[in-house]
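Using UniProt numbering, read the sequence shown as starting at 1 and increasing by one per residue.
In what follows, a single structure is set out as structure tokens and then discussed.
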Amino acid sequence: MLYSRNRGLDIRNLTVEYQGGQAALKSVDLFLPEHSIYTILGPSGCGKSTLLRSIAGLIKTYHGEISYNGKALHGQDQVLIGLVPQNYGLLPWKTVQSNIRMAMRISNSGTLTKQQQEQQITNWLESMGIADLAHRYPLSLSGGQQQRVAIARAFAISPQIMLLDEPFSALDAITREEIQRIFLGNWNSLPTTTLFVTHDVEEAILLGEKVIMMTSNKEDPLIVMDNPLFSIKPEEKRDSEQFFQLSKEIRKVMQEKW
């Protein structure tokens, strides 16, 4: 994919501190081109979730700059951010359909008719294989089903930026592979600028145009690795020698840096 120069998510010298002054993130620099998807690996406590929360605007106090297409991100009301947190963020008192509808109404500010909204909700639920759950409540769903709803909701608002925090972590291996395939298919139809946090090396390779590694040492810069396999179909990637070699290379860095 070709990218426009200087268009995308630009993070410069981002530092976030806990109340006691200890650094949660220190001097993080990252440029994510518009319409690209990068995956993030890192040990627990290295700041992966803090990075996403800072971009999402949930952490208000930080040092450094976060911009999108050359303008301060959090000063742009028109930049929509879709966040899929670890706990899915679904409202338990609203149905699956209503959770998505509410997000769309807030984000679209009346630009879609009611009929258009309902059609989009149906389309995204169908794309995630959960159209039959539209009238169910989140607490009646399995973890995997809730994850699908949260991802459908994130896509449904047509965000410019999508942030996912280990969205497939609770799934068994077979279900996880299926949702990875569905997610990537949906992303290819709506290539939102995306950061995807995972603990799984294979998942990072399957879903990321580049793989970013964070270390437990806050002084270390991000390690950014190119992924030449990104454009290959997922089922072909898994069986390729390149996939095995890249996985090996990433694990070697993990052993040295973590």
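Note that beta-carbon positions come from the ideal geometry of N, C-alpha and C, so glycine has one too.
- In the DSSP assignment, the residues bridged to residue 12 are 65.
- Residue 214 sits away from residue 250, with the two beta carbons spaced by 8 Å or more.
- A buried status is given to residue 160, since no fewer than 16 other beta-carbon atoms sit within 10 Å of its beta-carbon.
- If only complete runs of 4 or more residues are kept, the segment 33-105 shows the alpha helix (DSSP H) at 48-56, in order along the chain.
- Sorting 145, 34 and 25 by C-alpha distance to the C-alpha of residue 63 places 25 at the top.
- The beta-carbon separation of residue 88 and residue 146, rounded to 5 Å, stays under the 8 Å limit for a contact.
- Per the Cβ contact rule, the segment 185-192 is not in contact with the segment 103-118 (fewer than 3 Cβ pairs under 8 Å).
- Residue 141 and residue 156 have their C-alpha atoms spaced approximately 20 Å apart.
- Spatial neighbours of residue 137 in its own chain (CB-CB distance under 8 Å, excluding positions within 5 residues in sequence) are listed in chain order as 92, 93, 94, 95 and 96.
- Annotated three-state conformation of residue 163 is strand, per DSSP.
- When C-alpha distances from residue 216 are compared across 258, 197, 9 and 85, the shortest belongs to 258.
- Residue state for residue 232 is assigned as coil, using DSSP reduced to three classes.
- Using a Cβ-Cβ distance cut-off of 8 Å, the segment 40-56 and the segment 195-205 are in contact, since at least three pairs of beta carbons, one from each stretch, lie closer than that value.
- Along the segment 186-229, the alpha helix (DSSP H) occurs as fully enclosed runs of 4 or more residues at 201-207, listed in sequence order.
- Within the same chain, 38, 224, 225, 226 and 227 come within 7 Å of residue 210 by CB-CB distance, once the 5 residues on both sides are set aside.
- Among the bridge pairs identified by DSSP, residue 17 is matched with 23.
- In the DSSP assignment, residue 153 falls within the alpha helix (DSSP H) that extends over 143-156.
- In this structure, the CA atom of residue 237 is about 28 Å from the CA atom of residue 9.
- Residue environment analysis places residue 168 among the buried positions, since at least 16 neighbouring C-beta atoms fall within 10 angstroms of its C-beta.
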